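**Q** Quick note: to get my numbering, add 86 to the position in the sequence shown (first position is 1).
All C-beta atoms, glycine included, are put in the ideal place defined by N, C-alpha and C.
Values in this document were obtained by computation on a predicted structure and should not be read as measured data.
Please read through the structure below; I'll follow up with questions.
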Amino acid sequence: MTESSDNVTEVTDTVRAPDVVAGTASRAPTTRGRPLWVAYAAIAGAVVIIDQITKAWVVSAVPPGGSIAVVGDLVRLVITRNTGAIFGLFRDQAGLFAIASIAVLGAILLYHAKSGRSPLMTLTLALLFGGAIGNFVDRIRLGYVVDFVDAGIGDLRFYTFNVADSAISAAILLLVLLALRPSLAEPRPTAVERAAGGRPLGGPAEADQPAVAPPGESRVEDA
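Below you can see the structure in the form of structure tokens.
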């Protein structure tokens, strides 16, 4: 009778142990980590500060209608009042773009909040946010954006731009790169996940771990 009871106990434990472990795994939290808000704010803030400082310096240093040669005629500093969008597109729409900028800034913040712990995505969105803020400040304060970098050869010139435009352009290039290589935007493991072997909590890899019966349960022995 005792031997029969032991056999029943072993069979019951065999069936129950995976169920218990499976239930625990299904309740394990899945996380992408918190976004890197400190780095995001630092990068975006640096873009805004550098953008505004360079604009103020150029306005005070370059005479009206004049220019300062940086690399001969290839790169010059000039003062251009841009009432449109980036690179002088859609002129005389500063008010409209100021309103649109608010919606864009909100969308960037929301996207970063959902992006997880991805350093490259944080860099990309911070550059985009900082550039948008830099030009937004000009539109609200002046009614136009100050552009000052004039590059080209002879009469063949590129659109005049500023630091904020450069940050936005860099962000767009990074977004294209992330679209081509989505793996680069994967969230970085948190400290807890690194301690667990670098795998997200609750991920598929946990199913590969050996099932361990809870304390007090009998372990199935090989016959």
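#1: Buried or exposed: which applies to Gly-151, given that a residue is buried once 16 or more other Cβ atoms fall within 10 Å of its Cβ?
#2: Please work out which residues of its chain come closer than 8 Å, Cβ to Cβ, to Ala-218, disregarding the five sequence neighbours upstream and downstream, and give them in chain order.
#3: Helix, strand or coil for Asp-236 per DSSP?
#4: Under a three-way DSSP split, which group does Thr-246 fall into?
#5: In chain order, what residues of the same chain have a beta carbon less than 6 Å from the beta carbon of Ile-154, not counting five sequence neighbours either side?
#6: Label Lys-141 either buried or exposed according to how many other C-beta atoms from any shown protein chain fall within 10 Å of its C-beta, with 16 as the threshold for buried.
#7: How about Ala-233 and Asn-221: do their beta carbons lie closer than 7 Å?
#8: For Gly-158 and Ile-165, I'd like the C-alpha separation in whole angstroms.
#9: Give the secondary structure of Thr-140 by DSSP, where H, G and I count as helix, E and B as strand, and everything else as coil.
#10: Compare the beta carbon distance of Leu-266 and Thr-210 with 7 Å and say whether it is the shorter of the two.
#11: Would you kindly report the start and end of the unbroken beta strand (DSSP E) that includes Thr-166?
**A** The answer reads as follows:
#1: Exposed is the call here.
#2: Answer for Ala-218: Ser-187, Val-190, Leu-191, Ile-194, Ala-250, Ile-254, listed in chain order.
#3: Strand at Asp-236.
#4: Assignment of Thr-246 by DSSP, reduced to helix, strand and coil, places it in the coil class.
#5: Correct list, in chain order: Val-148, Leu-163.
#6: Classified as buried, Lys-141 has 16 or more neighbouring CB atoms from the shown chains inside 10 Å of its CB.
#7: According to the sequence shown, residue 233 is Asp rather than Ala. Result no, Cβ atoms of Asp-233 and Asn-221 do not sit closer than 7 Å.
#8: A direct Cα-to-Cα measurement between Gly-158 and Ile-165 gives close to 17 Å.
#9: Residue state, collapsed to three classes: helix.
#10: The answer is no: Cβ separation not under 7 Å.
#11: Annotation: the continuous beta strand (DSSP E) that includes Thr-166 extends over 161 to 168.
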